[in-house]
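Trainee: Structure incoming, see below.
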Amino acid sequence: MTLMSGAQMLVRTLEDLGVEYLFGYPGGAVLDIYDALLDSHKLHHVLGRHEQGLAMAADGYARTTGKVGVCLVTSGPGSTNTVTAIATAYMDSIPLVVITGQVGTQLIGSDAFQEVDTIGITRPVVKHSYLCQKATDIPKYIRQAFYLASTGRPGPVVVDVPKDCVRPSQKFEYPEPEEVHLRSYDPTLQGHKGQIKRITKVLAEAKRPVLMLGGGTIASNASEQIRELAHQFRLPVVSTLMGLGVYSGDDPQFLGMVGMHGTYEANQAMDKADLVLALGVRFDDRVTNNLGKFCPEAAIVHVDIDPASISKTVRTDYPVVGDVSRVLTQLKNSIEELKVGCDNQAMDAWWAQIEEWRGEQSLNFEHKSAVIEPQEIVQTLSELTRGEAVITTDVGQHQMFTAQYYKFTKPRRFLTSGGLGTMGYGFPAGIGAYLGVKDQRLPVCVLTGDGSFQMNIQELSTCLEFQIPLKIFIFDNSTLGNVRQWQRMFYRGRISSTDLKFNPDFVALAKAYGHEAFRIEKPEELRAGIQRALDIKDKLVLVDIVCDTDALIMPMQKGGGRMSEMVLRSDGNTY
Amino acid sequence: MRHVISILIENEAGALSRVVGLFSQRGYNIESLTVAPTDDPTLSRCTILTTGDSDEAEQITKQLHKLVCILRVSALNEEKNGSQERELVLIKLPTPNRNVREDIKSLSDIFGAKIIDVSPETYTLQYVGSSEEVDTFCETVFKMSDVLEVVRSGVLGIARGNHYMHS
């Protein structure tokens, strides 16, 4: 029996849990852990350049792989710098384990150097957190943290490790891994049988059903089952921002995204539906518009693993608490048992109506000949990569354009901060995403804005060190486009602090960091330019694309209205 | 509407702050909160008095249940057989003369309260009852006498009959 220090047990526990990549940044409180890391051959440490960036990289790894993303930072500022990343993962239900150093247990509460109440600061944005009191807590708590982060509704878990718990001079027997059991935590996975029977019936009787997909369907890996169900019942399929990719954008039954900047047909279908079968969604305010006018004619079936999501905003007629994939298996059996199918006549009429809405072509946009329209960038990239690239975004116009115009064909390929809306997310997330899909040889493209990119630009250095060949496309419109759009539309055009007149030369900057970079300025250079970037497989390429400052994200729901009440074109035609 | 929520929670550092944090984070109201370990020292029983409509109460119980450190949650006011609530109050009064002392003593007898501390200048009364009874007792005392200090325990509750919260 070899005895181990707390630091060695920490490293060994991560190895035993199958961790490949540890995204981290050293500091005083974690010196002993970093020393122990030198002896590990299984863990690859990825040194970020800012704790926010590396924690978002861990998040990106988690989103592409479905595994737990892990990061390690020091106490005090190391831990506070991760808070935005933790909150981002929390809002999007991403499995993340954040190991933070802490001052020694004897110093806690004394305002010691680099001391901060990490458990207190992160409490509202974690699924759970642990403060280790002794070295032997470390393996136990880390295993529990992994279990909590990855089961039920996934989320971030913090493990705070005081410096004296990892002291190399004190050695302990390493506890063999055993199955985690927590008496106070037991998520419901299987749906209620009676409820499954009821929803089978309402599904068979529906005349105007809509299948609505959210991020929970991706967490549950339910893509294949969803496709089957949709085809069997000829269901029109809509997706939230977080659900994009779980149902192929190529499929004719896919109507697009719902909500504020959703397609006209998707929002109309929701508004006129008599049944909304909502899987793994949480009916966020950006989706529902006015709750009082939400889907007035529809019975709502809501399947979600989190009971607190059900009837939180939208009143549910048929709540089912459970894992989407398991519930769909139950539903399939129930459909076979009750021998029901869809009402083809009703579906013919429903689809005819939907095609009419589709005819509005709500995603058509105005082309100006002299400038590149941001929508074109996404369309072109979508075509050139056949909807198969891994795409990360930041937050703003480019994010919505990506959601609207990139035809995602597979789940876990679209990484965006949906809930928290975190600028600066996309680039570092791309680093983790790349490491997650490395073996699949997929291009990983970061679609970002000139504002967003500057929020975690320091990670260019990380990319050089770890040879992360991201393709970064900056939608460079010299403004904070989305805020500017709102200022134009709702603040009488009073442009307040959204001009970015003092941007750096992004091309020169990327080169200074040792990367390839070039600029595209003319519409006719766009396709070839994007292709050129994609063709450079082994290097990071930054493409600064100068695009239209005045582009608006359209269509757009009218605030306070029904889902279907939208402004379709920027010239103000309303419906 | 008034809701009394009973919670069985892991008796560990930081657990209570998760409960209190949840209330402030989601904009729920805490009228009173009591907590103490149970017969099983690894668990604490916590009773929270809150106000809000029924949707809000439903969300509160769901959100509480979601906390990993919480084992059981129940809304006592929704118990089928009803529930019993008790609150304890301690009141310190000045006793400047014999008349006041006699009045307080007889009031305390009528209510079934106890005088648990006596000094030449003060009495301390203890009274146990439902929140309403405690309110009535306090009002009566306040009308009769000056008051130096009032300490209320907050509500404790338990379901009636054979319903009980088990670990």
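Chains A and B, in that order, give the protein sequences.
FYI, in this note's numbering the residues of the first sequence are 15 to 589.
FYI, in this note's numbering the residues of the second sequence are 149 to 315.
By construction, the Cβ of each residue, glycine as well, lies at the ideal position given by its N, Cα and C atoms.
The structure displayed is predicted, hence computed values, not measured ones.
Leaving aside the five residues before and after A/Ile471 along the sequence, list all residues of the same chain whose C-beta is less than 8 Å from its C-beta, in chain order.
Mentor: Residue numbering aside, residue 471 of chain A sits at position 457 when the first sequence is read from its first letter. Same-chain partners within the cutoff: Phe441 and Leu523.
Trainee: Along the chain, where does the beta strand (DSSP E) containing A/Gly270 start, and where does it finish?
Mentor: Position 256 of the first sequence, counted from the first residue, corresponds to residue 270 of chain A. Per DSSP, A/Gly270 belongs to the beta strand (DSSP E) from Phe268 to Met271.
Trainee: Using only the alpha-carbon positions, how far apart do A/Val44 and A/Gly355 sit?
Mentor: As a first step, residue 44 of chain A must be located in the first sequence, where it is residue number 30. As a first step, residue 355 of chain A must be located in the first sequence, where it is residue number 341. So the alpha carbons of these two residues sit roughly 60 Å apart.
Trainee: Restricting to Cα atoms, I'd like to know which of A/Glu351, A/Gly463 and A/Ser253 is closest to A/Ile488.
Mentor: As a working mapping, residue 488 of chain A is identified with position 474 in the first sequence. Minimum Cα distance to A/Ile488 is reached at A/Gly463.
Trainee: Taking the alpha-carbon of B/Ile157 as reference, which of A/Tyr199, A/Gln120, A/Glu479 and A/Gln147 has the nearest alpha-carbon?
Mentor: Counted from its first residue, the second sequence places residue 157 of chain B at position 9. The shortest C-alpha separation from B/Ile157 is found at A/Tyr199.
Trainee: Cβ closer than 7 Å: which chain B residues qualify as neighbours of A/Met155?
Mentor: As a working mapping, residue 155 of chain A is identified with position 141 in the first sequence. First, the amino acid is wrong: residue 155 of chain A is Tyr here, not Met. Simply none; closest approach about 12 Å.
Trainee: Is the segment 231–242 of chain B close to the segment 263–281 of chain B, with three or more CB pairs under 8 Å?
Mentor: Yes, they touch.
Trainee: Give a yes or no on contact between the segment 401–414 of chain A and the segment 481–499 of chain A, applying the rule of three or more CB pairs nearer than 8 Å.
Mentor: Result yes; three or more Cβ-Cβ pairs closer than 8 Å.
Trainee: With a threshold of 16 other CB atoms inside 10 Å of the CB of A/Val295, please say whether the residue is buried or exposed.
Mentor: Translated into positions along the first sequence, residue 295 of chain A becomes position 281. It is buried - the Cβ of A/Val295 has at least 16 other Cβ atoms within 10 Å.
Trainee: Nearest to A/Gly90 by CA position, among A/Val84, A/Gly41, A/Ser253 and A/Ile108, is which residue?
Mentor: Here residue 90 of chain A corresponds to residue number 76 of the first sequence, with the count starting at 1. With distances taken between Cα atoms, A/Gly90 lies closest to A/Gly41.
Trainee: Please list, in chain order, the residues of the segment 188–207 of chain A that have any C-beta partner in chain B closer than 8 Å.
Mentor: Here the close residues are Leu196, Arg197, Ser198 and Tyr199.
Trainee: Output the boundary residues of the beta strand (DSSP E) element that contains A/His316.
Mentor: Position 302 of the first sequence, counted from the start, is the residue given in the question as residue 316 of chain A. Where A/His316 is concerned, the enclosing beta strand (DSSP E) stretches over Ala313 to Asp318.
Trainee: Kindly indicate which three-state DSSP category A/Gly450 falls into: helix, strand or coil?
Mentor: Counted from its first residue, the first sequence places residue 450 of chain A at position 436. DSSP places A/Gly450 in helix when its eight states are reduced to three.
Trainee: Alpha carbon to alpha carbon, how far is A/Gln66 from A/Val290? Give it in angstroms, no decimals.
Mentor: Counting from 1 along the first sequence, the entry for residue 290 of chain A is found at position 276. Counting from 1 along the first sequence, the entry for residue 66 of chain A is found at position 52. Answer to the nearest angstrom: the Cα atoms are 38 Å apart.
Trainee: Helix, strand or coil: how does DSSP classify A/Lys572 here?
Mentor: As a position in the first sequence, residue 572 of chain A is number 558, starting the count at 1. A/Lys572 falls in the coil class under three-state DSSP.
Trainee: Please report the distance separating the alpha-carbon of B/Leu212 from that of A/Tyr161.
Mentor: Locating residue 212 of chain B in the second sequence gives position 64, where the first residue counts as 1. Locating residue 161 of chain A in the first sequence gives position 147, where the first residue counts as 1. One C-alpha to the other measures close to 20 Å.
Trainee: On a Cα-Cα basis, can you pick out the residue from A/Leu456, A/Gly543 and A/Pro310 that is closest to A/Asn281?
Mentor: Residue mapping note: residue 281 of chain A aligns to position 267 of the first sequence, counting from 1. Of A/Leu456, A/Gly543 and A/Pro310, the residue nearest in Cα terms is A/Pro310.
Trainee: Taking A/Pro201 as part of the alpha helix (DSSP H), name the residues at either end of that continuous run.
Mentor: Position 187 of the first sequence, counted from the first residue, corresponds to residue 201 of chain A. Unbroken run through A/Pro201: none, as it is neither H nor E.
Trainee: Identify the continuous alpha helix (DSSP H) that holds B/Ser165 and give its terminal residues.
Mentor: The count along the second sequence starts at 1 and reaches residue 165 of chain B at position 17. Residues Ala163 to Gln173.
Trainee: What are the uninterrupted segments assigned as beta strand (DSSP E) that are 3 or more residues long and contained completely in the segment 216–251 of chain A, given in chain order?
Mentor: The qualifying runs are 223–227.
Trainee: Taking 8 Å as the CB-CB cut-off, is B/Glu227 touching chain A?
Mentor: For the purposes of this step, residue 227 of chain B is taken as residue 79 along the second sequence, with counting starting at 1. Chain A contact via Cβ: absent.
Trainee: Under 8 Å, with one C-beta from each stretch per pair, do the segment 433–447 of chain A and the segment 512–527 of chain A reach the 3-pair mark?
Mentor: Result no; under three Cβ-Cβ pairs closer than 8 Å.
Trainee: With a threshold of 8 Å between beta-carbons, can B/Ile218 be considered close to chain A, or not?
Mentor: As a working note, residue 218 of chain B is residue 70 in the second sequence. With 8 Å as the cut-off, B/Ile218 counts as an interface residue toward chain A.
Trainee: Can you tell me which of A/Val60, A/Gly208 and A/Val251 puts its alpha carbon nearest to the alpha carbon of A/Asp264?
Mentor: Position 250 of the first sequence, counted from the first residue, corresponds to residue 264 of chain A. For A/Asp264, the nearest C-alpha among the options comes from A/Val251.
Trainee: Between the Cα of A/Asp49 and the Cα atoms of A/Ile534, A/Val25 and A/Lys307, which residue gives the shortest distance?
Mentor: Numbered from 1 along the first sequence, position 35 holds the residue referred to as residue 49 of chain A. The candidate whose alpha carbon is nearest that of A/Asp49 is A/Val25.
Trainee: Residues in its own chain within less than 6 Å of A/Arg590 by CB, not counting five upstream and five downstream?
Mentor: The requested residue 590 of chain A is not part of the displayed model; chain A covers only 15 to 589.
Trainee: Nearest to A/Leu398 by alpha carbon, out of A/Val385, A/Phe422 and A/Glu380?
Mentor: The residue labelled residue 398 of chain A in the question sits at position 384 within the first sequence. The shortest Cα separation from A/Leu398 among A/Val385, A/Phe422 and A/Glu380 belongs to A/Phe422.
Trainee: Assign A/Phe504 to one of two classes, buried (16 or more other C-beta atoms within 10 Å of its C-beta) or exposed (fewer than that).
Mentor: By 1-based counting over the first sequence, the position of residue 504 of chain A is 490. A/Phe504 should be labelled exposed.
Trainee: Where are the alpha helix (DSSP H) runs, 4 residues long or more, that stay fully inside the segment 90–128 of chain A, in chain order?
Mentor: Segments of the alpha helix (DSSP H) lying fully in the segment 90–128 of chain A: 91–94 and 97–105.
Trainee: Please list the partners that B/Ser192 has in chain A, where partner means a Cβ-to-Cβ separation under 7 Å.
Mentor: The sequence position of residue 192 of chain B within the second sequence is 44, counting from 1. Simply none; closest approach about 12 Å.
Trainee: Run through DSSP, which three-state label would A/Gly32 get?
Mentor: Here residue 32 of chain A is taken as the residue at index 18 of the first sequence, counted from 1. Residue state, collapsed to three classes: coil.
Trainee: Can you give me the Cβ contacts of A/Ile133 inside the same chain, cut-off strictly under 6 Å, excluding the 5 residues immediately before and after it?
Mentor: Indexing the first sequence from 1 puts residue 133 of chain A at position 119. Within the same chain, A/Ile133 has close Cβ partners Ser143, Leu145 and Asp174.
Trainee: Do A/His316 and A/Pro569 have their C-beta atoms closer together than 8 Å?
Mentor: Counted from its first residue, the first sequence places residue 316 of chain A at position 302. Counted from its first residue, the first sequence places residue 569 of chain A at position 555. It is not a contact, given that the beta carbons lie outside the stated cut-off.
Trainee: Check each candidate in B/Ser231, B/Met149 and B/Ile218 and name the one with the smallest Cα separation from B/Thr190.
Mentor: Along the second sequence, read from residue 1 onward, the residue named residue 190 of chain B stands at position 42. Out of B/Ser231, B/Met149 and B/Ile218, B/Ile218 has the C-alpha closest to the C-alpha of B/Thr190.
Trainee: Below 8 Å, can you find three or more Cβ-Cβ pairs linking the segment 217–225 of chain A to the segment 175–193 of chain A?
Mentor: Result no; under three Cβ-Cβ pairs closer than 8 Å.
Trainee: If you draw a straight line from the alpha carbon of A/Leu478 to that of A/Ala526, how long is it in whole angstroms?
Mentor: On the first sequence, position 464 is the one that residue 478 of chain A refers to. On the first sequence, position 512 is the one that residue 526 of chain A refers to. Rounded to the nearest angstrom, the two C-alpha atoms are 11 Å apart.
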